[in-house]
Ligand code: CA
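In the numbering used here, the protein residues as written are 2 to 229.
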């Protein structure tokens with residue numbers, strides 16, 4: 002079954018452009034022109050990925066992304082934000098509310114499709130992998146669950162992959178570039194600063210059981226997950 006992409010965009014020309022390229026790439030497409038319509042579609046059938054415009058007529062895409070992240074059913078749904086705002090603060094804000102990636106308008110369809118493909122690949126289940134355990138922190142890829150001393154911790158999809166990458170290489174210093182390659186894959190468009198945003202979110206997720214202390218910043222190096 003092809004992956005289904007929900008496109009939430011009120012500008013018809015852009016919506017059609019994105020839809021066309023998605024269809025060419027073999028994806029099924031659903032279109033919504035406002036958050037209200039998108040909400041109905043998501044309630045009915047869960048798409049595999051959402052391309053979400055920032056500025057929409059009824060509500061901002063940011064608010065919708067936040068709603069999707071709060072709901073257990075849509076918590077792991079990959080979100081790619083479309084934004085006309087090139088300001089760095091806005092990009093970071095978009096990532097902080099739960100978008101997995103963003104593309105600034107005007108964008109090249111080729112770049113957009115590469116990012117959609119990368120997000121879908123990252124979201125694909127890897128059920129065969131066994132659980133990892135470091136200092137009371139346990140990550141179960143099959144169940145997509147993180148436990149700290151037996152307590153379940155809420156970790157977002159990108160942070161989950163980041164943690165998995167770090168936990169499978171404990172005590173090793175990983176540069177931002179190594180993390181980009183390992184966690185984001187062959188993704189040439191993401192900036193190194195994005196790594197810092199996700200590390201910050203990961204630490205917040207691990208705070209309830211104090212496991213955030215395992216994620217160490219190595220000055221001039223990158224990050225390391227300590228074994229204890
Ligand atoms: Ca718009």
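Just so you know, even glycine gets a beta-carbon here, dropped at the ideal spot from N, CA and C. Bear in mind that the values here come from a model prediction, so they are computed numbers and not experimental data.
Reduced DSSP category for residue i - H, G, I as helix; E, B as strand; rest coil
i           : result
residue 136 : coil
residue 143 : coil
residue 35  : coil
residue 98  : coil
residue 148 : strand
residue 168 : helix
residue 78  : coil
residue 47  : coil
residue 176 : coil
residue 7   : strand
residue 156 : coil
residue 29  : strand
residue 54  : strand
residue 12  : coil
Endpoints, alpha helix (DSSP H) assigned at residue i
i           : result
residue 121 : 110-124
residue 70  : 62-71
Beta-carbon separation (whole angstroms), residue i vs residue j, contact threshold 8 Å
i           : j           : result
residue 199 : residue 163 : 5 Å
residue 103 : residue 69  : So it is not a contact: roughly 15 Å between Cβ atoms.
residue 58  : residue 7   : Actually they are not in contact, since the Cβ atoms of residue 58 and residue 7 sit about 17 Å apart, beyond 8 Å.
residue 154 : residue 206 : 6 Å
residue 3   : residue 33  : The pair is not a contact, with the Cβ atoms about 19 Å apart (cut-off 8 Å).
residue 75  : residue 43  : 6 Å
residue 64  : residue 9   : Not really, about 12 Å apart at Cβ, beyond 8 Å.
C-alpha distance - residue i paired with residue j, whole-angstrom precision
i           : j           : result
residue 101 : residue 50  : 10 Å
residue 46  : residue 123 : 21 Å
residue 271 : residue 18  : Nothing can be reported for residue 271: it is not among the residues displayed for the chain, which extend from 2 to 229.
residue 143 : residue 218 : 28 Å
residue 98  : residue 67  : 6 Å
residue 222 : residue 171 : 15 Å
residue 225 : residue 84  : 32 Å
residue 209 : residue 166 : 21 Å
residue 180 : residue 152 : 27 Å
residue 20  : residue 215 : 43 Å
residue 195 : residue 90  : 12 Å
residue 176 : residue 220 : 10 Å
residue 138 : residue 158 : 17 Å
residue 160 : residue 202 : 7 Å
residue 71  : residue 150 : 24 Å
residue 39  : residue 52  : 11 Å
residue 169 : residue 133 : 7 Å
Span of the beta strand (DSSP E), counted from its first residue to its last, around residue i
i           : result
residue 205 : It is not in any beta strand (DSSP E) - residue 205 instead sits in the alpha helix (DSSP H) that spans 193-207.
residue 226 : 223-226
residue 218 : 216-219
Nearest-residue set for ligand 1, Cβ under 5 Å from any heavy atom
Listed by chain position, these are 11, 54 and 56.
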